[in-house]
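Undergrad: Numbering (the working numbering), first residue to last: 34 to 151.
Input: one structure, supplied below.
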């Protein structure tokens with residue numbers, strides 16, 4: 034247990050937005066790249082693999098540079114792109130990702146089914 038704040042392992046100074054959940058944390062950098070770290074039992078890191086715990090920030094699988102914000106749940110995350118599109122990944126229990134099927138998890142950012150941008 035950590036009783037006082039500690040900087041994340043990369044010591045970067047260009048983070049723009051962050052969200053922390055029960056098992057993972059994700060953050061968007063000022064250049065629009067998205068990184069996650071923590072537990073990865075259901076693909077919630079978004080890097081295309083379920084490789085267990087990630088102790089340092091890992092960039093999501095698409096290497097996109099147009100992420101605007103991210104929000105993290107218990108075992109999943111959703112993020113907005115600058116053009117308004119919504120992507121989610123991680124556990125799809127109760128169809129929480131909005132991707133239109135019942136696959137148990139997605140390990141890369143997947144656009145929700147409406148494809149809406151407004």
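Glycine included, every Cβ here is placed at the ideal spot set by N, Cα and C.
If you're wondering where the values come from, they're calculated on a predicted model, not measured in any experiment.
#1: Between 38, 145, 64 and 149, which has its C-alpha nearest residue 101's C-alpha?
#2: Spatial neighbours of residue 59 within its chain, please: CB distance less than 6 Å, with the 5 preceding and 5 following residues excluded, ordered by chain position.
#3: Using the DSSP secondary-structure output, state which residues sit across from residue 149 in a beta bridge.
#4: Just to confirm, is the Cβ distance from residue 71 to residue 93 under 8 Å?
#5: Can you check DSSP and say which residues form a bridge with residue 105?
#6: Going straight from the alpha carbon of residue 96 to that of residue 37, what length do you get?
#7: With DSSP as the reference, identify every bridge partner of residue 127, one or two as the case may be.
#8: Out of 149, 85, 115 and 40, which one is the CA nearest neighbour of residue 99?
#9: Measuring alpha carbon to alpha carbon, tell me which of 139, 81 and 150 ends up nearest residue 123.
TA: A quick look at the data gives this:
#1: With distances taken between Cα atoms, residue 101 lies closest to 64.
#2: The residues 52, 69, 103, 105 and 110, in chain order, have a CB closer than 6 Å to that of residue 59 in the same chain once the five nearest residues on each side in sequence are set aside.
#3: According to DSSP, which records beta bridges pairwise, residue 149 is partnered with nothing at all.
#4: With respect to the 8 Å criterion, residue 71 and residue 93 are not classified as neighbours on the basis of their beta carbons.
#5: Bridge partners of residue 105: 110.
#6: Rounded to the nearest angstrom, the gap between the Cα atoms of residue 96 and residue 37 is 32 Å.
#7: DSSP output for residue 127 lists no bridge partner at all.
#8: Among 149, 85, 115 and 40, the Cα nearest to that of residue 99 is on 115.
#9: Selected option, being the one with the closest Cα: 139.
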